[in-house]
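First up is the structure itself, then whatever we jot down about it.
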Amino acid sequence: MINGIKVNDRALRWGMVGGGGTSQIGYIHRSAALRDGNFLLQAGAFDIDAARGRAFGVALGLDPARCYGDYETMFAAEAARAEGIEAVSIATPNNTHFAICRAALNAGLHVVCEKPLCFTVAEAHELEQLCAEKQKIIGVTYGYAGHQLIQQAREMIAEGLLGEIRIVNMQFAHGFHHNAVEQQSASTKWRVDPRFVGPSYVLGDLATHPLFIAETMLPQLKIKRLLCSRQSFVKSRAPLEDNAFVMMEYDNGAVGTLWASAVNCGSMHGQKIRIIGDKASLEWWDEQPNQLRYEVQGEPVQILERGMGYLHPGALADDRIGGGHTEGLFDAWSNLYRRFALAMAATDRGDRDFLKTFWYPDVHAGLMGVRWVEQCVQSADAGAIWVNC
Ligand code: NAD
């Protein structure tokens, strides 16, 4: 059970790049990082508009001298302080992630970066190597993976309750961008512009989430090859897709599908993952995150509820309040930030044994997501052909 006790002997001094007053995702970063006292917000370059970013930092209660106009100045000034920041979160549009991650690692900081980690596999490799060289981590905010019942599914699959895995059925398909909302919304506008979002829209923005959930539930399964078809139903978005279907084959003979869409009219979020084995299936839906369906062939469906004593101890370790109460995305993100704090401290003390058995969305998970998107785009743009992974 998590009750707010710090995981390390002291909080890490922490800063933010992006995530300013007008951003969609900044608040959940701060809420999750600060929740359990594992991080202490001390500095920020919160906004592309320097004055607006400084004013926002001051309004958050930061020392005005540590509210910076840009990240380069922040990294240099903080490195020069006796007690400068030790970790930074990056919550800016995708085109900036690589350069800011690289600068942060070079400044000796641990990093939490938004997904997708960067645009190309070559960039992701460079960041992975830099992490190893500097002995710092990058955590990637695949926030949904922090839900307690994702851990429960991982434990049940590892125990063999599903049997041999045959099918992985994933989707993240909402309806919010069924028309050209980008004409009114700044936060959507960059998402459909390749200069800011990279080679894909929904594949990188949405699909990488259930893909990482599947990696968390099924760490042993590796994708062997994939085929992708992508469409731009709102024509002005081409060549970026607002809908995509991906078929995958895994190395154990299992098959998978992933549907990513921003034009699924009427759907609020529609992120679901169903794992089917030769004995039973598990299904989790992010709109009902406190429940996990466990379906054994020939038996009534069981709905496993978050926080209940019958869950695996590994899942209950992430519990914040007993069963019956609802937990949500903010709690899942807090669990993830708790994992980041543990991984940062273990890396600082060189605790390889701890890190070997401990999971969090790390730089390699970020690289896997970037590679998967790159291969999907390659497949789709060649006419939906099979591509080896
Ligand atoms: P947004 O457009 O709403 O906000 C971007 C913020 O970054 C703004 O505050 C902007 O001023 C600031 N910014 C831009 N360039 C900057 C720079 N060079 N230096 C400092 N600040 C800068 O975008 P958003 O929706 O919050 O998305 C930001 C990132 O978060 C994206 O990579 C997106 O993919 C990711 N995201 C992740 C999730 C998730 O579930 N993990 C959800 C939403 C968004």
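For reference, each letter of the sequence shown is one residue, going 200 to 588 in the working numbering. The beta-carbon is built from N, C-alpha and C at its ideal position, and this holds for glycine as well. A quick note: this is a predicted structure, and the numbers were derived from the prediction, not measured.
Residues near residue i in its chain [Cβ-Cβ closer than 7 Å; skip 5 each side]
{"i": "D249", "result": "Per the sequence shown, the amino acid found at residue 249 is Ala instead of Asp. Closer than 7 Å at the Cβ level, and outside the excluded window around A249, lie G268 and D269."}
{"i": "F371", "result": "L405, A406, H408, P409, A459, G469 and Q470"}
{"i": "R519", "result": "I201, E526 and D530"}
{"i": "E282", "result": "R212"}
{"i": "R424", "result": "E448, W585, V586, N587 and C588"}
{"i": "H296", "result": "I289, C312, E313, L316 and C317"}
{"i": "D517", "result": "I201, Q347, Q350 and N534"}
Sheet register partners of residue i (DSSP bridge)
{"i": "G476", "result": "I364"}
{"i": "R394", "result": "DSSP lists no partner for R394."}
{"i": "E448", "result": "R424 and V454"}
{"i": "C312", "result": "I289 and V339"}
{"i": "S460", "result": "A372 and N442"}
{"i": "W484", "result": "K471"}
{"i": "V586", "result": "L425"}
{"i": "R519", "result": "The partner list for R519 (beta bridge, DSSP) is empty, contrary to what the question assumes."}
{"i": "W213", "result": "L240 and A286"}
Rounded straight-line distance, which links the Cα of residue j to that of residue i
{"i": "A303", "j": "D547", "result": "16 Å"}
{"i": "R551", "j": "S384", "result": "45 Å"}
{"i": "S435", "j": "L566", "result": "29 Å"}
{"i": "I364", "j": "A540", "result": "32 Å"}
{"i": "A344", "j": "A279", "result": "36 Å"}
{"i": "A357", "j": "G476", "result": "12 Å"}
{"i": "L426", "j": "G243", "result": "41 Å"}
{"i": "V454", "j": "I474", "result": "10 Å"}
{"i": "F245", "j": "I472", "result": "34 Å"}
{"i": "L261", "j": "Q490", "result": "39 Å"}
{"i": "E235", "j": "Y400", "result": "Note that residue 235 corresponds to Asp in the displayed sequence, not to Glu. When rounded, the distance between both Cα atoms is 34 Å."}
{"i": "T415", "j": "Q347", "result": "12 Å"}
{"i": "I284", "j": "A231", "result": "18 Å"}
{"i": "R301", "j": "Y226", "result": "24 Å"}
{"i": "G568", "j": "I412", "result": "11 Å"}
{"i": "H309", "j": "N237", "result": "14 Å"}
{"i": "D485", "j": "Q351", "result": "15 Å"}
{"i": "L402", "j": "L316", "result": "13 Å"}
{"i": "Q419", "j": "I366", "result": "14 Å"}
{"i": "G252", "j": "Y509", "result": "47 Å"}
{"i": "E271", "j": "G220", "result": "20 Å"}
Residue i versus the options, residue with shortest Cα-Cα distance
{"i": "M369", "options": "E526, E313, L410 and G243", "result": "L410"}
{"i": "N294", "options": "P560, P393, V287 and K205", "result": "P393"}
{"i": "C575", "options": "L457, R253, R538 and V391", "result": "L457"}
{"i": "S480", "options": "L425, C300 and Y493", "result": "Y493"}
{"i": "M447", "options": "A286, I422 and L535", "result": "I422"}
{"i": "L535", "options": "L503, R280, A281 and T340", "result": "T340"}
{"i": "H376", "options": "G236, L510 and N442", "result": "N442"}
{"i": "L590", "options": "I204, D246, R251 and V257", "result": "For residue 590 there is no data in the structure shown, the boundaries of the chain being 200 and 588."}
{"i": "F318", "options": "R390, P398 and A276", "result": "P398"}
{"i": "V391", "options": "P438, L554, N489 and D580", "result": "P438"}
{"i": "E325", "options": "F395, G307 and A298", "result": "A298"}
{"i": "S533", "options": "G342, P263 and F553", "result": "G342"}
{"i": "R209", "options": "F557, A581 and M543", "result": "M543"}
{"i": "F557", "options": "R538, E573, L510 and V572", "result": "R538"}
{"i": "Q334", "options": "R353, A306, A323 and D580", "result": "A306"}
{"i": "A331", "options": "D580, E381, A579 and H563", "result": "H563"}
Residues of its chain near residue i, where Cβ-Cβ distance is below 6 Å and the 5 sequence neighbours each way are ignored
{"i": "R570", "result": "V320"}
{"i": "G522", "result": "E504, G506 and M507"}
{"i": "S288", "result": "M215, H228 and V311"}
{"i": "A276", "result": "none"}
{"i": "Q501", "result": "Y493"}
Range of the contiguous alpha helix (DSSP H) that encloses residue i
{"i": "T272", "result": "Y270 to A279"}
{"i": "K205", "result": "No alpha helix (DSSP H) holds K205; DSSP gives it neither H nor E."}
{"i": "G568", "result": "V562 to D580"}
{"i": "T407", "result": "T407 to M416"}
{"i": "C300", "result": "H296 to N305"}
{"i": "S386", "result": "A385 to K388"}
{"i": "K320", "result": "First, the residue type needs correcting, since residue 320 is Val and not Lys in the sequence shown. Note, V320: alpha helix (DSSP H), V320 to K333."}
{"i": "L510", "result": "From DSSP, L510 is part of no alpha helix (DSSP H); its letter is neither H nor E."}
Bounding residues of the beta strand (DSSP E) (the contiguous stretch that carries residue i)
{"i": "I502", "result": "Q501 to E504"}
{"i": "Q490", "result": "Q490 to V495"}
{"i": "C266", "result": "Note, C266: premise wrong, no beta strand (DSSP E); not H, not E."}
{"i": "S428", "result": "I422 to Q430"}
{"i": "L554", "result": "Run containing L554: none in the beta strand (DSSP E); it sits in the alpha helix (DSSP H), R551 to T556."}
{"i": "A258", "result": "From DSSP, A258 is part of no beta strand (DSSP E) but of the alpha helix (DSSP H) over A249 to A258."}
{"i": "G225", "result": "Where G225 is concerned, there is no enclosing beta strand (DSSP E), although the alpha helix (DSSP H) it sits in stretches over G225 to R234."}
{"i": "A244", "result": "F238 to A244"}
Same chain, Cβ closer than 8 Å to residue i, five either side skipped, listed in chain order
{"i": "R229", "result": "M215, G218, L240 and L259"}
{"i": "V462", "result": "G374, H376, H377, F432, V433, D441 and N442"}
{"i": "F395", "result": "P292, N293, N294 and W389"}
Chain B contact for residue i (CB, 9 Å cutoff)
{"i": "G582", "result": "No chain B appears in this structure, which consists of one protein chain only."}
Ligand 3 heavy atom lying under 8 Å from the CB of residue i
{"i": "S222", "result": "Summarising the ligand content, the structure contains ligand 1 and does not contain ligand 3."}
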